[in-house]
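Under this note's numbering, the first residue of the sequence shown is numbered 1, with each subsequent residue one higher.
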Amino acid sequence: MDDAPPALLVIVDAANVVGSVPDGWWRDRRAAAERLRDLLAARGLRGHEGPTEIVLVVEGAARGVEPVPGVRVEAAPGSGDDRIVELVAGSAGRPRVVVTADRELRRRVTALGADVTGPRTVHG
């Protein structure tokens, strides 16, 4: 029997995290989301050494980004924020952290028991 705690669920608000770095992301949102995905696959979440399950939530022009080993990609059919809230609500009972700087999204997910960290945890 495995008594190990469940892996930390890391849900990343791709639009918000990509938009936090003024590197020309607006010229190709999909490519920017792919760079973020690859960074997450390579480094994970800074400051967390244990097992993680990383979910990158994309929306709009970034839909179509493919998953890679270590990063699952969820294409939001509508609002990325709404999809993130659904993922948090559907994963009650396990540790969760949402990566975003969006104040309203932070409020919504902390009300469901998730922790929140900012984009610097990925880019820093």
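We put the beta carbon where it would ideally sit given N, CA and C, even for glycine. Nothing here was measured: the structure is a model prediction, and the numbers come from that model.
For residue i, the nearest candidate out of the options (CA to CA)
i	options	result
Ala4	Val58, Gly50 and Val68	Gly50
Pro77	Ala61, Ala89, Pro69 and Gly90	Ala61
Thr110	Ile84, Arg35 and Leu39	Ile84
Arg103	Asn16, Gly113, Ala75 and Pro95	Asn16
Leu87	Val68, Arg108, Ala41 and Ala33	Arg108
Arg29	Gly64, Val55, Val10 and Ile54	Gly64
Arg43	Leu105, Val71 and Pro6	Val71
Arg35	His48, Leu9, Arg46 and Gly19	Gly19
Pro144	Ile54, Trp26, Arg37 and Glu66	Since the displayed the chain opens at 1 and closes at 124, residue 144 lies outside it and no answer follows.
Per-residue DSSP class, three states only, for residue i
i	result
Arg94	coil
Arg63	coil
Ala15	helix
Glu53	strand
Asp115	strand
Val21	coil
is_contact[residue i, chain B] using C-beta, thresh 8 Å
i	result
Arg96	Annotation note: the requested chain B is absent from the structure, which comprises a single protein chain.
Supposed contact pair residue j and residue i - C-beta distance, whole angstroms, cut 8 Å
i	j	result
Asp115	Val97	4 Å
Val57	Asp13	6 Å
Range covered by the alpha helix (DSSP H) that runs through residue i
i	result
Ala7	Premise fails: Ala7 is in no alpha helix (DSSP H) and is neither H nor E.
Val73	Where Val73 is concerned, there is no enclosing alpha helix (DSSP H), although the beta strand (DSSP E) it sits in stretches over Val71 to Ala75.
His123	Arg120 to His123
Ala31	Arg29 to Arg43
Val109	Arg103 to Thr110
Gly78	No alpha helix (DSSP H) holds Gly78; DSSP gives it neither H nor E.
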